[in-house]
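These notes concern the structure reproduced below.
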Amino acid sequence: MDGSKKKIILGIVVFLLIASLTFITIKKYRYPPQKRFQDKEILIIGIDGFNWHVLGPLLKEGRMPNIRKLMKNGVYGAADIDIDDEHLWSPAIWTSMLTGKTMDKHKINSLYCIYKGKLLTFPMSTMRREPALWNILTRHRIPSSFVSFLATWPVEKIYGSMISCFAIPWAFIKNADYLGREDFFKKYGNPRWLTYPYELMDKVYSYIPPAEEIDEMMKRYGIPLSIPRERGMQEKEGHTVITEHLREKFLDSVHTDVDLSEMEIIGILFLSGQVPRMMFIMDYISTQLAVDFIRKKDTVVDAVYIGGVDIFSHFFWPQSKNPARDMTETMRNYYLYIDDLVGQLLEDAGEDTLVFVMSDHGYRYDFESKVTRHDQEKAVFIISGERVKNIGEIENVGILDYVPTILYYLGIEAEGMAGKILKNIFFSLPSRQ
87 MDGSKKKIIL
97 GIVVFLLIAS
107 LTFITIKKYR
117 YPPQKRFQDK
127 EILIIGIDGF
137 NWHVLGPLLK
147 EGRMPNIRKL
157 MKNGVYGAAD
167 IDIDDEHLWS
177 PAIWTSMLTG
187 KTMDKHKINS
197 LYCIYKGKLL
207 TFPMSTMRRE
217 PALWNILTRH
227 RIPSSFVSFL
237 ATWPVEKIYG
247 SMISCFAIPW
257 AFIKNADYLG
267 REDFFKKYGN
277 PRWLTYPYEL
287 MDKVYSYIPP
297 AEEIDEMMKR
307 YGIPLSIPRE
317 RGMQEKEGHT
327 VITEHLREKF
337 LDSVHTDVDL
347 SEMEIIGILF
357 LSGQVPRMMF
367 IMDYISTQLA
377 VDFIRKKDTV
387 VDAVYIGGVD
397 IFSHFFWPQS
407 KNPARDMTET
417 MRNYYLYIDD
427 LVGQLLEDAG
437 EDTLVFVMSD
447 HGYRYDFESK
457 VTRHDQEKAV
467 FIISGERVKN
477 IGEIENVGIL
487 DYVPTILYYL
497 GIEAEGMAGK
507 ILKNIFFSLP
517 SRQ
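The opening residue of the sequence shown carries number 87 in the numbering used here; numbering runs sequentially from there.
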């Protein structure tokens, strides 16, 4: 063998050795937080539809101890939501909250999307045109976990872990097989779109309890297993009118032929009659997954979305002009359940963790259409922690202010965001060295 060939072979061996060592190093130290972020833990608890009409009276009764603790050690109030009724849909609002950008910028402003020629309820992550908080954290190599937030399917590869909004519903339907809807998994089934890393899906499956155990848990909290038939029919008929109008506008805007006979995850759940069980257990599993990430202590930002309040509000909100006075027992009980979940999250978070509790809207009963509508009023926000001034209730806090404030706390510039930085709520910040 001549000298030139020996050099080539030696070069290849050296390259492979370096590559293998690099791979091992990356795998072993998968998400090493930069030193300047190690004392800045943040916990984000997103509770869809969490509002003061229910929370206020419970606090006055001395209930909700975990939420009360957060309020005692920080600031709170009703968030400003400057969005018209036609766009007051949760996926669009949460996208605004988690990008710090308005809908005209991030482009998720509808309840729908088109996938494989079919109309689906809930937009896909690929529709978003602005970086979300997890993308910004990834860019700065800040390890994070995000669980169950809306419009996160298909899941994105981030510097950390992500459970998409469809991962738990997928596992619930497939595990229980209530309808035997194998066609759903063939048409929309790409398991690698559900979690990142993909192996996390095994963890999701592991947390789904047997049906009888779910029922027992719900009974313990005084939460009904089914939706009242009359109320369910009213809501269905009213929302059909609303959503058909939105669907027509969406289809006019996309200028394409679409198959409207879709059978996707939302439709399956409603047809199966499993909505209360699904939402109850989804909130439980989302919390357990978030607790797992918090306990590992290798993330700087942990975030979890809890969506059951929204669905239960649509079917159990009081048909009253004074909801705080006439709140249903089901809604009160579900809030007590949520407080227990918040307590589990706080138990494993460090004392110096900065905690954000945020919601996207409130509710009002529409006597004309006979449906519970989203409302701009009474959406809860709480910001709590050792470095937050104990001011109590504050005003002029908008849903676009959260991400700029989180980035400010981390020492990162908020680029081109519509919201303001809530600098005055802090009396000290962690070192930015």
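Cβ atoms here follow ideal geometry from the backbone N, Cα and C, with glycine treated the same way.
In this text, all values refer to a predicted model and were calculated from it rather than measured experimentally.
Unbroken alpha helix (DSSP H) run spanning residue i, endpoints
i      : result
Gly142 : Trp138 to Lys146
His400 : Gly394 to Phe402
Ser372 : Val361 to Lys382
Ile300 : Ala297 to Arg306
Own chain, CB closer than 6 Å to residue i, minus 5 neighbours either side, in chain order
i      : result
Phe232 : Trp220, Met248 and Ala389
Ala218 : Leu184 and Thr185
Ser406 : Asp412
Ser445 : Ile133, Phe136, Ala465 and Val466
Pro295 : none
DSSP-derived helix/strand/coil call for residue i
i      : result
His460 : strand
Thr181 : helix
Leu508 : coil
Glu499 : coil
Ser250 : coil
Ser292 : helix
Ser312 : coil
Thr188 : coil
Ala218 : coil
Glu415 : helix
Tyr391 : strand
Met287 : helix
Phe467 : strand
Ile153 : helix
Gly429 : helix
Ser493 : Note that residue 493 is Leu in the sequence shown, not Ser. The answer is helix: DSSP assigns Leu493 an H, G or I state.
Asp452 : strand
Leu422 : helix
Thr224 : helix
Thr207 : strand
Thr281 : strand
Boundaries (first-last residue) of the beta strand (DSSP E) holding residue i
i      : result
Asp446 : First-last for Asp446: undefined, no H or E at that position.
Val233 : Ser230 to Val233
Ala164 : Gly160 to Ala164
Leu129 : Ile128 to Ile133
Ile477 : No beta strand (DSSP E) holds Ile477; DSSP gives it neither H nor E.
Ile244 : Ile244 -> no beta strand (DSSP E), and no H or E assigned at all.
Ile167 : Counting along the chain, Ile167 falls outside any beta strand (DSSP E), and DSSP gives it neither H nor E.
Ile200 : Tyr198 to Tyr201
Cβ shell of residue i (< 7 Å), same chain only, five flanking positions each side left out
i      : result
Arg381 : Asp434
Lys305 : none
Lys187 : Glu216, Met503 and Ala504
Tyr420 : Ile309, Gly394, Val395 and Phe398
Phe109 : Residue placement at Phe109 cannot be trusted, given a pLDDT of 34 that sits under 50; the coordinates are not used to answer.
Leu223 : Ser230, Tyr245 and Val387
Gly436 : Glu127
Glu472 : Glu437 and Asp438
Arg317 : Phe401
8 Å CB neighbourhood of residue i in its chain, flanking five on each side removed
i      : result
Arg214 : Thr181, Thr185, His192, Lys193, Ile194 and Ala237
Tyr284 : Pro277 and Arg278
Glu499 : Leu493
Ala376 : Ser231, Val233, Asp388, Ala389, Val390 and Leu431
Phe513 : Arg473, Val474 and Lys475
Proximity of residue i and residue j at Cβ, strictly below 8 Å
i      : j      : result
Ser312 : Pro362 : yes
Leu144 : Leu431 : no
Pro490 : Lys475 : no
Thr281 : Pro240 : no
Val441 : Val466 : no
Met392 : Gly132 : For the sequence presented, residue 392 should be read as Ile rather than Met. Taking 8 Å as the Cβ cut-off, Ile392 and Gly132 qualify as a contacting pair.
Trp138 : Lys456 : no
Gly484 : Asp190 : no
Leu515 : Asp487 : no
Leu174 : Gln462 : yes
Gln374 : Tyr293 : yes
Cutoff 8 Å: residue i Cβ touching any chain C Cβ
i      : result
Glu299 : In summary, chain C is missing from the structure at hand, where a single protein chain is found.
Checklist entry - Is the region 151-170 touching the region 474-481, taking contact as three or more C-beta pairs under 8 Å? => result Taking a cut-off of 8 Å for Cβ pairs, the region 151-170 and the region 474-481 touch, as three or more such pairs fall below it.
Checklist entry - Taking contact to mean at least 3 C-beta pairs separated by less than 8 Å, is the region 289-309 in contact with the region 364-372? => result These segments touch.
Next on the checklist: Taking contact to mean 3 or more Cβ pairs, one atom from each stretch, closer than 8 Å, check whether the region 178-196 and the region 145-154 are in contact.
Outcome noted: Because the criterion of three Cβ pairs below 8 Å is not met, the region 178-196 and the region 145-154 do not touch.
Checklist entry - Quick one: any contact between the region 444-454 and the region 410-429, if contact means 3 or more CB pairs under 8 Å? => result No, they do not touch.
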